[in-house]
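Residue numbers (the working numbering): -12 to 215.
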Amino acid sequence: MYERFAHEYAAHAETSAHNALYDRPAVLGLAGDVAGKAVFDAACGPGLYARELLDRGAHVSGCDASPTFVEMARARTGGRADIRLHDLSTPLTWVPSDSVDLVVLALAIHYIDDRVALLREFRRILTPDGTLVLSTEHPTTAWLRLGGSYFTSEPVEESLSPKSDWPIRAWRRPLTAICDEFREAGLLIETLLEPRPAPEMADHYPDDHAKLEEFPAFIAFRLVPRHT
Ligand SMILES: C[S@@+](CC[C@H](N)C(=O)[O-])C[C@H]1O[C@@H](n2cnc3c(N)ncnc32)[C@H](O)[C@@H]1O
-12 MYERFAHEYA
-2 AHAETSAHNA
8 LYDRPAVLGL
18 AGDVAGKAVF
28 DAACGPGLYA
38 RELLDRGAHV
48 SGCDASPTFV
58 EMARARTGGR
68 ADIRLHDLST
78 PLTWVPSDSV
88 DLVVLALAIH
98 YIDDRVALLR
108 EFRRILTPDG
118 TLVLSTEHPT
128 TAWLRLGGSY
138 FTSEPVEESL
148 SPKSDWPIRA
158 WRRPLTAICD
168 EFREAGLLIE
178 TLLEPRPAPE
188 MADHYPDDHA
198 KLEEFPAFIA
208 FRLVPRHT
């Protein structure tokens, strides 16, 4: 999906308000101290998270479905991370069970049709006290943009950005459906975060800062395996 605009997206995500000063601070904050931890960066994109996680002392592996992003992520991490080409709609056969302390899945779960199967796969690879941190579009933001019933669960084809022709297909669904999928996969919500913009966004992107102080574009979760 991202192949057509991989280079443009990578340049955008490196410094954009929504990625650099909103999503990444939120997700990395939820991840906490990663030093010495085995971290799997699922749907790693151009490797912006992977490099940051390495710099924070994590042992990083990961995957993406885009060959261009896999190449970029490998270059960005300079051989320090095991990054593979993989479609997350299929099992992570090379990742042993109980082997990962933290899975990061930033801004990608909405591209997956069978999200419960993917979440179960993450639960399988996580250690019993492991953590999954993920972010996705906030359901109210999708509803305000797309209209119709807030409770609609369906894939939508649109451009990732209103300013660019970046065609994607992503699921809109209400908060109840998002949380039901976690429960079905055997995961508990430890923290639900409606991020606030990083303070420096006010200097660099004042319009985005004003909007994101009014309503959340994304929502993020810290999830842990259920042991009952
Ligand atoms: C918005 S980008 C986020 C990239 C990265 N997580 C970040 O936040 O910088 C979404 C990513 O999901 C990846 N993706 C979408 N569907 C996928 C799938 N089925 N399997 C693996 N990766 C997928 C895309 O290639 C893209 O890299």
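In this text, a Cβ means the ideal position worked out from N, Cα and C, and glycines have one as well. Predicted model, so just to flag it, every value in this text is computed and none were measured.
Taking just the CA atoms, how far does residue j sit from residue i?
{"i": "glycine 255", "j": "threonine 64", "result": "Given a span of -12 to 215 for the chain in the structure shown, any question on residue 255 remains unanswerable."}
{"i": "alanine 185", "j": "tyrosine 9", "result": "6 Å"}
{"i": "alanine 0", "j": "methionine 188", "result": "14 Å"}
{"i": "aspartate 28", "j": "glycine 49", "result": "4 Å"}
{"i": "threonine 128", "j": "glutamate 108", "result": "28 Å"}
{"i": "valine 82", "j": "valine 26", "result": "12 Å"}
{"i": "proline 78", "j": "lysine 150", "result": "35 Å"}
{"i": "alanine 4", "j": "glycine 32", "result": "17 Å"}
{"i": "glycine 23", "j": "glycine 34", "result": "19 Å"}
{"i": "threonine 2", "j": "tyrosine 137", "result": "31 Å"}
{"i": "isoleucine 176", "j": "alanine 204", "result": "20 Å"}
{"i": "alanine -3", "j": "isoleucine 155", "result": "15 Å"}
{"i": "leucine 179", "j": "arginine 160", "result": "16 Å"}
{"i": "alanine 157", "j": "glutamate 141", "result": "8 Å"}
{"i": "serine 84", "j": "leucine 174", "result": "16 Å"}
{"i": "histidine 196", "j": "threonine 215", "result": "42 Å"}
{"i": "phenylalanine 169", "j": "arginine -9", "result": "31 Å"}
{"i": "aspartate 190", "j": "tryptophan 153", "result": "27 Å"}
{"i": "valine 57", "j": "arginine 71", "result": "7 Å"}
{"i": "methionine -12", "j": "proline 193", "result": "31 Å"}
{"i": "threonine 98", "j": "lysine 198", "result": "The question names threonine, yet the displayed sequence has tyrosine at residue 98. Each residue's Cα considered, the two are about 25 Å apart."}
{"i": "glutamate -5", "j": "tryptophan 130", "result": "27 Å"}
Would you grab the beta carbon distance between residue i and residue j for me? Rounded to a whole angstrom, and I think it's under 8 Å.
{"i": "histidine 125", "j": "glutamate 201", "result": "At roughly 12 Å, the Cβ-Cβ gap does not stay under 8 Å, so histidine 125 and glutamate 201 are not in contact."}
{"i": "valine 219", "j": "leucine 133", "result": "Within the shown structure, residues of the chain are numbered from -12 to 215, placing residue 219 beyond reach of any answer."}
{"i": "alanine 172", "j": "leucine 106", "result": "3 Å"}
{"i": "alanine 52", "j": "histidine 73", "result": "7 Å"}
{"i": "threonine 55", "j": "alanine -7", "result": "4 Å"}
{"i": "serine 122", "j": "alanine 13", "result": "6 Å"}
{"i": "alanine 37", "j": "valine 21", "result": "Contact doesn't hold; Cβ gap of about 11 Å is too wide."}
Please confirm whether residue i has its beta-carbon closer than 9 Å to some beta-carbon of chain B.
{"i": "alanine 129", "result": "The question asks about chain B, but that chain is absent: this structure has only one protein chain."}
Threshold first: 4 residues or longer. Then list the alpha helix (DSSP H) segments lying entirely within the segment 26 to 94, N to C.
35 to 42 and 54 to 64
Going along the chain, which unbroken runs of the beta strand (DSSP E) with 3 or more residues stay wholly within the segment 106 to 190?
113 to 124, 141 to 146, 154 to 159 and 174 to 180
Is it the case that the segment 57 to 74 contacts the segment 85 to 96, given that we only count it when at least three CB pairs across the two stretches are under 8 Å?
Flag = no, the segment 85 to 96 and the segment 57 to 74 do not touch.
Quick test of the definition: if touching needs 3 or more C-beta pairs under 8 Å, does the segment 110 to 128 touch the segment 81 to 88?
yes
Can we say the segment 163 to 177 touches the segment 102 to 111, given the rule of at least three CB pairs closer than 8 Å?
yes
Any chance the segment 66 to 78 sits against the segment 33 to 50, with 3 or more Cβ pairs inside 8 Å?
yes
Is there contact here, the segment 205 to 212 with the segment 8 to 23, by at least three beta-carbon pairs under 8 Å?
yes
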